[in-house]
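Keeping their order, the protein sequence lines are chains G and B. If you're matching positions, the first sequence starts at 0 in numbering that gives the first Met the number 0 and goes up one per residue. If you're matching positions, the second sequence starts at 0 in numbering that gives the first Met the number 0 and goes up one per residue. For each residue, glycine too, the CB sits at the ideal point set by N, CA and C. Structure first, commentary second.
There are 2 protein chains.
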Amino acid sequence: MNEKYVYYFTEGNKSMKEILGGKGANIAEMKNLDVPVPPAFTITTQTCDFYIKNNSWPETLENDIKENLKKIEQETQTFFGGEENPLLLSVRSGAAVSMPGMMDTVLNLGLNDKTVLALSKKSGNERFAYDSYRRFIQMFGDVDMGVKHSLFEEALDNIKKENNVKFDTDLSAENLKELVNRYKKIILKETGKEFPQDPFKQLELSINVVFKSWNNKRAIEYRKLNKIEGLLGTAVNIQAMVFGNMGQTSGTGVCFSRNPSTGENKFYGEYLINAQGEDVVAGIRTPEDISTLEQKMPEQYNELVKIYKNLENHYRDMQDMEFTIQEGKLYMLQTRNGKRTGKAAVQIAMDMLEEGLINEKEAILRIDSKSLDQLLHKSLDPNAVKNATVLARGLPASPGAVFGKIVFDADKAFDEKEKGNKVILVRTETSPEDIKGMNAAEGILTQRGGMTSHAAVVARGMGKPCVSGSSEIVVYDKQEKLVIGDKSFKEGDFITIDGSLGVVYEGKLDVVNPSLEGSFAKLMSLSDKYRKLGVRTNADTPKDAKVAVSFGAEGIGLCRTEHMFFEGDRIKAVREMILSESLEGRQKALDKLLPMQREDFVGIYEAMGNRPVTIRLLDPPLHEFLPKEENDIVELSKDMDVSLEKLKEKIEDLHEFNPMLGHRGCRLAITYPEIAKMQTRAIIEAAIIASEKLGQEIVPEIMVPLIGNSKEFEIQKEIIEQTIKEVISEKEKEVKYKIGTMIEIPRAALTADKIAEHAEFFSFGTNDLTQMGLGLSRDDSGKFLKQYVSLGIYKTDPFQSIDQDGVGQLMQIAIAKGLNKNPNLKLGICGEHGGEPESVKFCHKLGLTYVSCSPFRVPIAKLAAAQAAILEEN
Amino acid sequence: MNEKYVYYFTEGNKSMKEILGGKGANIAEMKNLDVPVPPAFTITTQTCDFYIKNNSWPETLENDIKENLKKIEQETQTFFGGEENPLLLSVRSGAAVSMPGMMDTVLNLGLNDKTVLALSKKSGNERFAYDSYRRFIQMFGDVDMGVKHSLFEEALDNIKKENNVKFDTDLSAENLKELVNRYKKIILKETGKEFPQDPFKQLELSINVVFKSWNNKRAIEYRKLNKIEGLLGTAVNIQAMVFGNMGQTSGTGVCFSRNPSTGENKFYGEYLINAQGEDVVAGIRTPEDISTLEQKMPEQYNELVKIYKNLENHYRDMQDMEFTIQEGKLYMLQTRNGKRTGKAAVQIAMDMLEEGLINEKEAILRIDSKSLDQLLHKSLDPNAVKNATVLARGLPASPGAVFGKIVFDADKAFDEKEKGNKVILVRTETSPEDIKGMNAAEGILTQRGGMTSHAAVVARGMGKPCVSGSSEIVVYDKQEKLVIGDKSFKEGDFITIDGSLGVVYEGKLDVVNPSLEGSFAKLMSLSDKYRKLGVRTNADTPKDAKVAVSFGAEGIGLCRTEHMFFEGDRIKAVREMILSESLEGRQKALDKLLPMQREDFVGIYEAMGNRPVTIRLLDPPLHEFLPKEENDIVELSKDMDVSLEKLKEKIEDLHEFNPMLGHRGCRLAITYPEIAKMQTRAIIEAAIIASEKLGQEIVPEIMVPLIGNSKEFEIQKEIIEQTIKEVISEKEKEVKYKIGTMIEIPRAALTADKIAEHAEFFSFGTNDLTQMGLGLSRDDSGKFLKQYVSLGIYKTDPFQSIDQDGVGQLMQIAIAKGLNKNPNLKLGICGEHGGEPESVKFCHKLGLTYVSCSPFRVPIAKLAAAQAAILEEN
């Protein structure tokens with residue numbers, strides 16, 4: 000092998016992350032920019048790979064390291080292992096992708112019984128020198144020599160007891176010297192080996208420790224969790240130590256070129272005088288704001304400002320930097336693109352665009368579209384969170400944070416809201432009967448159900464925070480009790496939920512309102528400029544529709560008519576229809592529903608103006624409209640004047656083993672065409688009314704659900720068109736319309752050519768397509784899907800991001816077959832995936848006409864669509 | 000148009016069914032064979048099509064008819080409308096495919112006020128002449144002139160009252176003359192038109208009546224029901240009337256060249272002296288056995304024998320014939336291939352093969368494979384059925400007929416069986432807990448569930464008669480009451496069910512045992528000779544396996560291990576496993592199950608000998624193993640020493656909204672690998688034991704259920720192989736094995752290439768593939784699938800016959816992708832479709848290695864496979 004294993008910091012640059020890791024590449028880049036960096040060299044990631052595979056170093060590595068060490072010695076005028084002016088090293092991991100804290104780091108390397116004396120002399124701080132030394136030994140013993148950590152802790156405890164001190168920091172230099180001796184004895188006893196005094200031996204072992212840490216448990220877990228794949232290993236950065244703790248002219252700090260929380264274009268950071276890096280993080284002393292450094296060390300501060308501006312300009316992104324000042328001399332230890340909140344990301348991208356630092360496309364690509372969600376919802380006050388008690392975790396089913404009193408019953412939620420109380424509806428799971436209560440509640444917490452359970456879907460549609468599927472809680476709906484661990488909560492107790500993160504807190508926590516600043520609006524119009532994919536919304540009410548329009552929705556891709564069936568008198572009429580034994584009886588009930596549905600649609604058309612509206616005909620199985628609890632059934636029996644026995648028989652008769660695959664969707668309208676007729680009539684009559692009101696043409700899009708067979712669609716289309724003809728002839732008005740279908744059954748995708756002969760549009764119902772295509776019930780799979788994702792069976796939850804290999808393949812088949820038969824076919828998606836960035840990008844690739852998602856996801860979808868369009872160009 | 004609309008009976012032949020209809024083509028063929036046939040001509044089916052489309056005759060048709068009429072007149076020396084020797088005609092429909100009784104027929108045409116006198120004179124029977132005349136007028140008035148049938152009936156009633164007679168047959172010739180007058184007046188009054196006296200006008204109208212009857216309601220319904228498609232219309236056969244009622248030298252009869260019920264090669268039929276065709280059917284006089292004709296009219300009988308032998312030889316199939324003897328002269332009116340029972344079909348085909356009349360391939364193609372089912376099961380004594388009371392109809396879920404006392408409880412069924420009583424288990428629906436009771440019962444009747452419901456699948460597997468999904472019955476499981484209409488039955492009441500037809504009878508009806516005669520065995524070995532597709536069976540117990548082997552199964556394609564989990568101590572151990580909170584607890588329970596499973600497998604290997612056995616790992620969701628009823632739960636709580644609250648919590652926790660798409664199949668073994676390990680160990684240890692016992696190598700095929708993702712399979716395979724290695728090393732024995740998977744989730748079919756990289760075989764689970772691919776729950780779709788089939792949305796119930804466009808497409812995709820990656824992949828099917836002839840033929844076309852079906856369907860599958868292979872050659 001003639002590979003180059005080691006790069007001196009003058010030999011690399013920022014483009015070499017793959018082999019030098021992020022840290023190493025940026026150290027080299029800073030050196031190139033004449034930024035003051037302590038001399039360093041980097042062992043490549045390939046070397047790590049070699050070491051892991053062969054459990055040994057490449058032949059020439061030792062020599063390479065020694066040569067590079069010499070360069071550092073020359074530059075710093077120190078000597079590795081030197082008894083006068085010892086060179087101490089930091090040995091730090093650094094992969095191509097940042098994995099903060101996951102791998103090992105060794106500081107102060109080079110200390111031994113002799114160099115510790117030299118350090119003590121140089122720093123003027125004997126205690127510090129010995130504390131470093133004992134930590135160094137402890138780490139070595141533990142990580143590299145396999146000595147139990149607890150043995151060192153025991154020795155430390157003993158020495159504290161012997162000296163009657165409480166904290167480590169209270170130990171004197173003498174105590175620490177003694178501790179160093181005891182540590183060395185422990186190592187000898189446990190391993191039969193002496194702690195290595197030879198600095199190069201220390202270095203060799205430390206490099207190996209870092210190599211090995213690439214494959215420690217937490218690092219593997221972190222890569223899995225963050226989908227980091229295809230990397231060879233970690234690089235190892237070996238750098239001359241500099242000390243911020245050498246008195247009042249020394250210090251250390253962390254700083255950002257802009258505010259990572261708000262995005263404000265203002266230098267941000269904190270530092271400590273006479274301290275080492277760890278002290279800033281540890282919080283023993285409170286760090287000071289970076290702005291105060293200007294007064295304390297004006298020269299160094301000005302230099303730092305010059306450097307950060309230089310680095311930001313050079314990297315064209317906000318920088319997160321570490322620095323140390325040693326006896327008045329500023330050193331930069333690290334720089335990288337800074338992590339930031341969603342809000343900051345938008346602000347920074349738009350500011351840098353304005354400053355001319357980046358162009359429009361870059362600005363769009365800079366922002367993680369998912370993070371926009373944070374901007375649209377209430378969030379918890381970070382200060383409040385610090386002292387809060389986390390009760391449980393669940394799925395982040397619908398974003399936003401909110402507090403309220405616990406209620407266990409939907410009606411109760413409504414009553415409390417009427418009284419002006421804020422409540423959180425807590426249920427084992429929710430059902431369509433709970434809609435009214437969910438709407439009244441501030442947020443929803445459920446024990447069961449996944450990201451696309453009823454609670455989650457409805458809550459997202461309503462824009463209400465929801466934590467679902469929290470397996471850590473047990474809800475006793477009937478006893479009105481919520482049990483979490485050994486705590487028990489009753490109605491009226493306060494809790495706070497954070498639906499963005501899926502966390503439940505005890506009591507009331509302060510929340511912060513979202514503010515859609517100018518930069519957000521700017522980003523949206525920029526996205527509109529670049530994206531090719533349309534973005535519609537799923538909205539069932541005029542209220543939802545208005546919210547969605549305010550977020551930029553270009554139409555409604557899915558209006559679920561059944562949600563309108565649950566309110567007040569309507570549910571009565573619906574139940575009357577279900578319980579009728581004759582067409583006449585059903586017709587009578589439908590006649591009552593007609594004006595209500597018509598009114599709904601008029602409201603929605605008005606809210607949407609000239610934007611298209613796709614209305615889906617009745618979808619859920621009829622049993623969803625009947626009560627489940629005994630007392631509700633008794634009440635209904637009285638209400639409807641139907642014998643309890645007969646009512647129960649009917650409920651029993653409508654019961655289904657697998658309602659997902661049962662008598663629902665267009666199957667209902669095949670059995671009861673009168674339902675489709677009433678809904679069609681309401682849609683068309685409302686279009687006539689609204690178009691007169693608004694003075695503009697309204698072209699409703701009627702969508703038939705759950706088509707599995709082209710003949711079903713033909714039958715439905717005939718009924719719909721016949722009804723439209725009737726309405727047009729009665730009202731003597733012309734109405735244009737479109738008739739299309741959901742593609743949500745695998746067979747529909749496979750036979751899309753036949754369906755496309757009759758349909759004007761397809762809308763992919765990827766929720767059901769996922770359920771049926773993967774054979775996974777979204778309500779039941781929560782129990783094992785997490786394990787499936789952690790085992791890598793699915794890369795992500797297929798209900799969150801489209802399973803491209805399976806469901807995506809069905810979509811591709813349907814699109815190819817559909818367009819082949821009908822080149823004018825409009826193609827959309829109205830499953831929950833329509834608002835998930837990866838899925839949106841996939842839809843762009845597939846060439847869909849639009850995606851449709853819940854109102855709060857509209858901005859995300861727009862940005863993701865713009866990113867997809869830009870990425871495609873490149 | 001220069002088409003030929005009319006064929007004289009010397010111009011056609013049997014190959015012209017398409018244009019002359021079956022009847023017309025065979026009349027012409029008989030004429031060609033010099034069989035005595037009354038002269039006739041046939042108007043083509045194309046003419047019918049023309050008439051229906053244009054509502055008029057083609058220009059030249061009238062002339063053609065008149066010319067052909069003249070030929071008949073010349074041949075018979077009679078005259079159409081003649082006042083001396085009148086020609087009377089029969090006008091009969093006749094399509095290319097027999098549609099018995101669906102379309103109209105007119106007899107005695109040509110009668111009017113004058114010819115009736117001539118007929119009276121010729122027949123010497125005035126009453127007969129006028130009765131024919133009034134019937135002719137009545138039919139005309141009703142069908143062709145649109146007069147209400149009831150008006151004629153009223154007139155007939157009046158005349159009977161006036162003359163104090165009870166039956167039509169008691170009316171005198173004078174009475175009938177008067178009735179003819181009144182009928183004519185009714186027609187005049189209602190239509191303003193005279194009854195047409197012109198015979199050609201009568202003929203024209205009658206031809207049109209027959210044409211129109213092609214599209215009457217019942218004919219359309221019949222074609223839909225029998226999937227008769229692509230025909231143009233009916234031909235019209237116009238033939239000189241001959242009379243069997245002209246005294247003691249005349250007669251009429253129906254005969255078969257062989258016994259259509261048993262297949263015996265013996266002339267079979269019945270006749271009446273001095274009678275017309277209708278009289279044989281009407282049953283006013285009891286017809287005599289054809290053998291007695293030999294004595295009464297030896298000459299005519301011998302001629303008839305000569306003719307039938309000639310016709311059978313000519314048509315090379317059993318003939319169903321009509322004949323009339325008019326004053327000593329024999330006429331053949333019709334011949335066609337006779338309908339026959341399954342038993343007769345096999346007997347006749349094998350006899351004809353032996354006689355050299357047909358060859359092997361023809362013999363195989365002659366038999367409707369479905370009809371074999373009748374041969375394998377008990378059937379109702381036809382005499383008993385005649386007087387039986389049909390209580391209800393349901394689905395013919397599992398064939399065979401049986402009677403027994405009603406029981407509503409599975410345990411009760413077992414107890415009664417122990418006491419020696421025959422019982423029918425009657426349930427709303429069955430669940431896996433009922434297995435023991437189902438096995439004890441003679442038959443099963445359920446209110447709910449389709450052809451592939453639990454009851455149906457298990458009953459077919461056990462070979463027990465079952466009627467499922469009988470929506471006409473209401474079962475009150477708890478009250479132990481069965482209500483059918485206004486009748487109520489309790490435990491102990493006798494009922495009889497016919498699972499072949501889906502009928503429930505009151506009381507005990509006699510049943511007849513199946514007898515597998517030599518011809519059946521001959522047919523099976525013939526099928527084995529020609530078929531290319533393997534035929535295995537689905538069997539879960541040594542008993543089932545033995546039955547299947549006796550029916551010729553070549554292996555087990557599906558052994559469901561879970562069925563073994565429900566018996567006695569096993570269900571206890573299974574529940575113990577489910578209720579365990581720890582791996583240790585589960586392992587303890589599994590350790591108890593291991594020896595039982597191992598014993599099961601040894602028994603199955605022994606029953607199957609050197610035939611392959613595919614064993615599927617645990618499939619159903621765990622909640623199926625826990626009780627549902629309160630008292631059973633209380634009992635279990637005591638049995639298991641688990642608190643009732645905790646038990647209920649566990650049951651609640653395992654509850655699923657859509658268990659079909661839930662935590663089952665390999666998903667269980669992903670969560671609890673110890674289950675797959677135990678089962679693998681049992682399979683391999685049993686193979687070692689059985690191979691020693693039998694002195695032959697046993698190569699178990701281990702099948703992983705519900706794979707949706709190749710990674711799932713990889714994980715399962717690793718667990719299985721690891722366990723096998725352990726067993727092999729413990730036992731120090733070599734065992735060969737195969738590991739494969741079900742393809743039953745659409746995604747598995749779509750990603751079959753990836754799965755095939757690791758799997759040695761695929762077995763299509765077409766039940767689930769249908770459920771998921773079509774989004775149809777087999778347990779819930781019974782309610783609307785009938786309507787779907789009658790609307791033509793699906794041609795047949797997709798759970799009975801593979802939906803080739805949808806599920807078939809998924810199979811094709813899976814096969815193509817699978818073989819592409821792994822050319823050695825074995826391909827089978829183990830869904831219920833494996834025993835359905837059309838599906839078997841489809842599987843042959845797809846190139847599967849084998850089909851697997853319930854034991855009683857093995858012969859059907861073999862025959863269907865042979866037919867598919869032969870048809871493919873042609």
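- In this structure, L845/B sits near Q811/B, with a CB-CB distance shorter than 8 Å.
- C-alpha of F49/B to C-alpha of A234/B: approximately 12 Å in a straight line.
- Between K645/B and the set V473/G, P699/G, A538/G and D631/G, the nearest pair of CA atoms involves V473/G.
- Close to E561/G, with beta-carbon spacing below 7 Å, lies no residue of chain B; the smallest spacing is near 17 Å.
- For the beta strand (DSSP E) assignment, the uninterrupted runs of no fewer than 3 residues enclosed by the region 425-461 of chain B are, from N- to C-terminal side, 442-445.
- Around the Cβ of T190/G, a 10 Å sphere holds fewer than 16 other Cβ atoms; the residue is exposed.
- Less than 8 Å divides the Cβ of P699/G from the Cβ of V612/G.
- Taking C-alpha positions only, G584/B is separated from E598/B by approximately 23 Å.
- Interface annotation, P626/G: not in contact with chain B, CB-CB separation never under 8 Å.
- Residues of chain G whose Cβ lies closer than 7 Å to the Cβ of K782/B are, in chain order, H662.
- In the three-state scheme derived from DSSP, where H, G and I count as helix and E and B as strand, I603/G is classed as helix.
- Under the three-state reduction of DSSP output, K421/B falls in the coil class, being neither helix nor strand.
- A distance of 8 Å or more separates the beta carbons of A520/G and E605/G.
- DSSP, read as helix, strand or coil, puts D63/B in helix.
- In the three-state DSSP reduction, P395/B falls in the strand class (E or B).
- The C-beta of N821/G has 16 or more other C-beta atoms within 10 Å across all chains shown, which makes the residue buried.
- Inclusion of S762/B and I683/B in the CB contact set at 8 Å is not warranted, their separation being larger than that value.
- Interface criterion met: the Cβ of I669/G is under 8 Å from a Cβ in chain B.
- The three-state reading of DSSP puts F135/G in helix, counting H, G and I together.
- By DSSP's assignment, G250/G forms a beta bridge with I272/G and I324/G.
- Per DSSP, the unbroken beta strand (DSSP E) holding T495/B starts and ends at F493 to D497.
- In the structure shown, Q333/G adopts extended strand secondary structure according to DSSP, grouped into three states.
- Of the residues assessed, Y849/B falls on the buried side of the cut-off, its CB having 16 or more other CB atoms within 10 angstroms.
- DSSP, reduced to helix, strand and coil, places L108/B within a strand of the structure shown.
- Contact between D288/B and E263/B does not hold, since the beta-carbon distance rounds to 14 Å and is not under 8 Å.
- Note that the region 142-150 of chain B does not touch the region 121-131 of chain B; fewer than 3 beta-carbon pairs, one per stretch, sit closer than 8 Å.
- In the assembly as shown, P854/G is a buried residue. Its beta-carbon has 16 or more other beta-carbons within 10 Å.
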